[in-house]
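Heads up: the structure comes next, in structure tokens.
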Amino acid sequence: MDLKLTSIVLLIISVLSGCALPVHQMDLSAPLAPASGRPFVLAEDVHCSISTGYQRTLRAGTHWDLFGTIDRGEVYRSQDQLLTVEGFNVHEAYLVIKNESLVGFYLPVEKKFTPVSKVTRLQLTSHEEVQ
Amino acid sequence: MNRLAALSVSAVVFVMSGCASGPGFKSVSASFPPVPAGSARIFFYRNANMGMGGAVQPGVNLNGEKIGNAVPGGFFYVDRPPGDYQVTTTTELKKSLTFHVDAGQVRYVRLGLSMGLMVGHINPELVEAQQAQPEIEKTKSPKKS
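Protein chains in written order, with our numbering: chain A, 192 to 322; chain B, 210 to 354.
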């Protein structure tokens, strides 16, 4: 590869690396209602992504606890797996589950919702079944 | 020493001069006070990356307050009340990290280097403890000035 082409490739990479899309944040119709109970364990890895193209894997065997409910579904967080979603900025995120499917993420600082690119059915196991 | 060797040594010295040079994390971590009751501890660290981007050492802000600098191979921590936090750095590209901390929680923020159009950028990332521990153990306190 000659110097000119190398320079162009590096320029494109540099520009692209600074131009990630922001995470699409949707307002909630009502604030999160705190809740607890109904913990579950993920039975298998789950691969998910959001509109920015950012991908994450939810690990099999991680325990998730109900944190609250929003209009989009139930919000779960885990002590076993730290979850963030990323676009131009990085945001801590909790799972939003509806009818045993991952529909998106709750951003606890922004108090907003961001949807997953594709709703994904989860294989859930209760704590009791694991123990 | 020929000219090329002299230039190489100068380059290495220049790159490494920007690295943290205080006591290592492992040697001082036992002396850290416990997390104050009702507070959370947030560690910030930057891998040495072979001295890459040593000239890029932006300030690190937590909810708008400057709490340190992103020194290559360096770490520092702050204790804060539980709540919502935003980390930003003072590079030309203002990427932020937002997260929540509970009382008693220990969080790790890695200050990663990425190359920009003109200069490098520092991107804060929230890292799990099991991933952060082996990385932060290789870092040092920033040199006292």
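Heads up, the beta-carbon is just placed ideally off N, CA and C, and yes, glycines get one too.
It should be emphasised that the depicted structure is a prediction, and the values quoted were computed from it without experimental measurement.
Contact check, residue i vs residue j, beta carbons under 8 Å
{"i": "K349/B", "j": "G233/B", "result": "yes"}
{"i": "A234/A", "j": "A251/A", "result": "yes"}
{"i": "D271/A", "j": "H254/A", "result": "yes"}
{"i": "H282/A", "j": "E265/A", "result": "no"}
{"i": "N280/A", "j": "S230/B", "result": "no"}
{"i": "L335/B", "j": "L273/A", "result": "yes"}
{"i": "V232/A", "j": "T311/A", "result": "no"}
{"i": "G295/A", "j": "V214/A", "result": "no"}
{"i": "C239/A", "j": "V307/A", "result": "yes"}
{"i": "D256/A", "j": "P230/A", "result": "yes"}
{"i": "Y286/B", "j": "F308/B", "result": "no"}
{"i": "M217/A", "j": "T275/A", "result": "no"}
{"i": "L356/B", "j": "V244/B", "result": "Residue coverage of chain B in this structure runs from 210 to 354, which leaves residue 356/B outside it and unanswerable."}
{"i": "G246/B", "j": "R289/B", "result": "The sequence given here has Ala at residue 246/B, not Gly. No."}
{"i": "P291/B", "j": "V310/B", "result": "yes"}
{"i": "T260/A", "j": "A224/A", "result": "yes"}
{"i": "V280/B", "j": "V328/B", "result": "no"}
{"i": "R247/A", "j": "F258/A", "result": "no"}
{"i": "P333/B", "j": "T298/B", "result": "yes"}
{"i": "L320/B", "j": "N258/B", "result": "no"}
{"i": "D262/A", "j": "S220/A", "result": "yes"}
{"i": "C228/B", "j": "G277/B", "result": "no"}
{"i": "L212/A", "j": "T243/A", "result": "yes"}
Per DSSP, the bridge partner or partners of residue i
{"i": "T348/B", "result": "BP columns for T348/B are empty, so no partner."}
{"i": "T311/A", "result": "L293/A"}
{"i": "V267/A", "result": "A quick correction: the sequence has Tyr, not Val, at residue 267/A. Y267/A pairs with L257/A, L286/A."}
{"i": "G231/B", "result": "According to DSSP, G231/B bridges with nothing at all."}
{"i": "L219/A", "result": "In DSSP, L219/A forms no bridge with anything."}
{"i": "E334/B", "result": "R319/B"}
{"i": "G329/B", "result": "M324/B"}
{"i": "E277/A", "result": "V281/A"}
{"i": "K303/A", "result": "L298/A"}
{"i": "Q272/A", "result": "Answer is none; Q272/A lacks a bridge partner."}
{"i": "R229/A", "result": "Per DSSP, none; premise fails for R229/A."}
{"i": "A224/A", "result": "T260/A"}
{"i": "L249/A", "result": "V237/A"}
{"i": "T316/A", "result": "V232/A"}
{"i": "V310/B", "result": "G292/B"}
Residue i: CB within 7 Å of a non-hydrogen atom of the ligand ZN
{"i": "V294/A", "result": "The ligand ZN is not among the ligands present in this structure, which contains no ligands whatsoever."}
request  = Identify every run of the beta strand (DSSP E) within the region 246-308 of chain B, keeping only runs that are complete inside it and at least 3 residues long; order them along the chain.
outcome  = DSSP runs (the beta strand (DSSP E)) wholly in the region 246-308 of chain B: 249-254, 268-271, 274-278, 284-289, 292-298.
task = Determine which residues of the region 283-309 of chain B have a Cβ less than 8 Å from any Cβ of chain A, and write them out in chain order.
result = The residues in question are D293, Y294, Q295, L302, K304, S305, L306, T307, F308, H309.
query = Quick one: any contact between the region 330-349 of chain B and the region 244-256 of chain B, if contact means 3 or more CB pairs under 8 Å?
reply = They touch, by the three-pair rule.
task = Output, in sequence order along the chain, the residues in the region 324-338 of chain B whose CB is closer than 9 Å to any CB in chain A.
result = Within the region 324-338 of chain B, the residues whose Cβ lies closer than 9 Å to some Cβ of chain A are M324, G325, L326, M327, H330, N332, P333, E334, L335, V336, E337, A338, listed in chain order.
key: Chain-ordered residues of the region 277-290 of chain A with a beta carbon less than 8 Å from chain B   = Under the 8 Å Cβ criterion, the region 277-290 of chain A contributes F279, N280, V281, H282, E283.
task = Taking a Cβ distance cut-off of 8 Å, strictly less, list which residues of the region 260-273 of chain A are near chain B, in chain order.
result = So the list reads Q272, L273, given in the order they occur along the chain.
query = Which residues, in chain order, does the region 288-307 of chain A contribute to contact with chain B at a C-beta distance below 7 Å?
reply = Result list: P299, V300, E301.
query = What residues from the region 226-248 of chain A come within 8 Å of chain B, judged by C-beta to C-beta, listed N to C?
reply = Within the region 226-248 of chain A, no residue has a Cβ that lies closer than 8 Å to any Cβ of chain B.
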